[in-house]
Structure formats: structure tokens, C-alpha cells
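Below is one structure; the comments refer to it alone.
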Amino acid sequence: MARGETDLSWQKEAICALPENEKIRDFFFSTEPTEKYQAKNLCFLCPARQGCLKWALEHRQIWGIWGGKDEGEIRRALSVSGAGQETRRRRFPQCPYCNARPSKLESLVVDSPNGGRWATMRVVHCTSCDFTWRSRTSANAVDAYHVERAEKLVKAEKEKAKKLERQLKRKMKDSERAARRQAAIPKR
Ligand code: SF4
Ligand SMILES: [Zn+2]
């Protein structure tokens with residue numbers, strides 16, 4: 025399949041589409057915790073889970089349960105609000121497939137064959153489970169996480185260097201004081 029095309033082949037294996045699961049089909053858009061729980065459990069038995077989740081993320085399905093994730097989890101993975109607006113939260117996205125920490129995520133720019141305004145796509149890749157999905161918002165949040173992490177590391181290094189400098193100065197002063205004291209003792 026060419027990049028940018030919609031892959032719907034996962035739908036052939038969707039177990040929520042089977043007649044025996046008709047009763048719980050509405051649970052995928054329920055607000056009842058027990059119903060949501062049942063819907064999510066079904067997803068974790070579904071061979072289409074990965075394709076379904078990837079499709080939902082790439083098509084910004086911010087309502088309902090897809091690939092075992094509810095709308096809150098999908099919005100967090102995408103860094104968007106309930107209105108679909110990009111958010112800058114303190115909590116950075118985790119891998120929506122395996123829940124790996126944001127430090128395990130990386131964003132990649134991929135050339136789009138379609139060109140135009142979105143000449144480059146952004147792909148988020150989880151280095152823990154290899155799950156990838158296309159999303160500019162997720163990729164922006166992942167980049168922001170890495171920038172913030174790098175800034176924190178630089179700050180911590182600077183603080184460490186300052187502390188060492190202070191300790192060194194204190195030691196030098198102590199040894200100077202000790203030398204002066206030594207010089208003041210009268211020789212017998
Ligand atoms: S992962 Fe869940 S929502 Fe997606 S096709 Fe399977 S059962 Fe349906
Ligand atoms: Zn993962």
C-alpha cells in the first residue's frame with residue numbers, strides 16, 4: 025500500500041463485527057464504565073487491534089473505543105482536546121499500543137508522495153513495540169518532550185558543575201586557613 029492511502033484490511037478480522045458480538049457493539053460508544061470495560065476486553069482478543077488503533081489515530085477518532093483504547097487515551101496519544109484542538113499538556117503521550125513511556129517514542133518526518141501543503145508527514149514510532157502511526161500532533165508532543173528532557177539534562181549538568189566549583193572553592197579556603205594557622209604556631 026502506498027503511503028497516505030487508507031488501509032482498511034484490518035476490518036476483515038474485526039471481531040466486533042461478528043454477529044455473536046452484536047449485543048455489545050453499542051458499548052464501544054458507551055459512557056458506562058462496565059460497558060466500556062467489556063468493549064475494551066473484546067478488543068484485546070481481536071486480531072485486528074493493531075490495524076484498528078493505527079487507523080483510529082490516523083483518522084482522529086476521538087470518540088469511542090478503538091483498538092482497546094477509549095477516547096481519553098486516544099486524545100492523549102494524539103495530544104488533542106475533546107474539540108480536536110492541539111493541546112500542550114504536562115503529560116506527554118505514551119505508546120497507545122504498549123503504553124511505553126514517552127522516552128521510548130521518536131518522531132520521524134516522511135516524504136509524502138502527494139506533496140502540497142502537507143509535503144512531509146510526521147510518523148511516531150515506538151521503539152519498544154515497533155508500533156507506528158501518522159500524526160502531526162503526536163509528533164509535535166513527542167518532539168516537545170525530547171526538547172524538555174534535553175533542557176532538563178543540560179540544567180542538571182550546569183547545577184552539578186556549579187556545586188563542584190563551590191566544593192572546590194570551600195576546600196581551597198579550608199586549606200589556606202589551615203596553612204595560615206600552621207604558619208602562626210611558634211617554632212620551638
Ligand atoms: S480492536 Fe476492538 S474496535 Fe477494533 S476491530 Fe477489534 S474489536 Fe473492533
Ligand atoms: Zn509501543
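According to our numbering, the sequence shown is numbered sequentially starting from 25. Virtual Cβ for every residue (Gly too), placed ideally from N, Cα, C. Computed from a predicted structure; not experimentally measured.
task: Determine the direct distance from the alpha carbon of residue 130 to that of residue 55, and round the result to whole angstroms.
output: 33 angstroms
task: Please state whether DSSP places residue 87 in a helix, a strand or coil.
output: coil
field: As assigned by DSSP and simplified to three states, the class of residue 42
entry: coil
- prompt: Can the beta-carbon of residue 115 be found closer than 8 angstroms to that of residue 125?
  reply: no
task: State the CB to CB distance for the pair residue 76 and residue 38, rounded to an integer number of angstroms; the pair is presumed to be in contact (CB under 8 angstroms).
output: 7 angstroms
message: Taking its Cβ as the centre, do 16 or more other Cβ atoms sit within 10 Å of residue 184, making it buried, or is it exposed?
response: exposed
- request: Would you mind stating whether residue 59 and residue 68 have Cβ atoms separated by less than 8 angstroms?
  value: no
- request: Give me the Cα-Cα distance between residue 137 and residue 144, rounded to the nearest whole angstrom.
  value: 9 angstroms
query: Sorry if obvious, but does the Cβ on residue 165 come closer than 7 angstroms to a heavy atom of ligand 4?
result: In the structure shown, ligand 4 is absent; the only ligands present are ligand 1 and ligand 2.
- request: Consult DSSP for residue 112 and reduce its assignment to one of helix, strand or coil.
  value: coil
field: Inter-residue spacing [alpha-carbon to alpha-carbon] between residue 201 and residue 174
entry: 41 angstroms
task: Let me know if residue 94 comes out buried or exposed under the rule of 16 or more other beta-carbons within 10 Å of its beta-carbon.
output: buried
Residue burial classification, residue 155 (beta-carbon count within 10 angstroms, cutoff 16): buried
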